[in-house]
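*Asks:* As numbered in our numbering, residues 23 to 158 make up the sequence shown, in order.
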Amino acid sequence: MTAREVQALIRAGLPMAEDIDLRIDRLDESGVLARVPFHAKLVRPGGTISGPTIMALGDAAMYAVVLGSLGRVEMAVTSNLNINFLVKPRPVDLLAEARILRLSRRQAVCEVSLYSAGIEDELVAHVTGTYALPLA
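1. Give the C-beta separation of Asn104 and Val65 to the nearest angstrom, bearing in mind that I take them to be a contact with Cβ-Cβ under 8 Å.
2. Which of the three DSSP states is assigned to Ala78 in this structure?
3. What residue range is occupied by the uninterrupted beta strand (DSSP E) comprising Val58?
4. Taking the DSSP output, what are the residues bridged to Asp50?
5. Starting from Val134, follow the alpha helix (DSSP H) in both directions and report where the run begins and ends.
6. Going by DSSP in three states, Arg26 sits in which element: helix, strand or coil?
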């Protein structure tokens, strides 16, 4: 699947992806680059992008990398997600780079690095997670 096809599939199946304007910028053999454009509606008190937005981007990036690797496995579901919030995101687009660490018949173990656009060397959050895969 292409980045555009994965983005369309996620947006069609998860209405919240439309709400946060989730975008899949890149999908290739190295993984996925996903983005949530900065918008004031995503900011929580204290002037930072909300935790639920950061978690949603991390989870969506994992789903995108699984779809990109395996094709239309829409019934793949998150079975585990661990997130470490590291620094306050800047008021710019939030980016997520996802890759699969291990892929088996039943699960995909993924890793996601999230950062503010233009500041790739400062991680906002680090996510690890597992997607349970449907039986073929």
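Even for Gly, the Cβ is constructed at its ideal location relative to N, Cα and C.
*Replies:* Taking the geometry as given:
1. If you number the sequence shown from 1, residue 104 lands on position 82. If you number the sequence shown from 1, residue 65 lands on position 43. Contact doesn't hold; Cβ gap of about 24 Å is too wide.
2. By one-based count along the sequence shown, residue 78 stands at place 56. Ala78 carries a helical assignment under DSSP once its states are collapsed to helix, strand and coil.
3. Position 36 of the sequence shown, counting from 1, holds the residue named residue 58. Counting along the chain, the beta strand (DSSP E) containing Val58 begins and ends at Gly53 to Val58.
4. In the sequence shown, counting from the first residue as 1, residue 50 sits at position 28. Note: Asp50 sits in a beta bridge opposite Gly53.
5. Within the sequence shown, the letter at position 112 stands for residue 134. No alpha helix (DSSP H) holds Val134; the beta strand (DSSP E) holding it covers Gln129 to Ser138.
6. Walking along the sequence shown from the start, residue 26 turns up at place 4. Helix.
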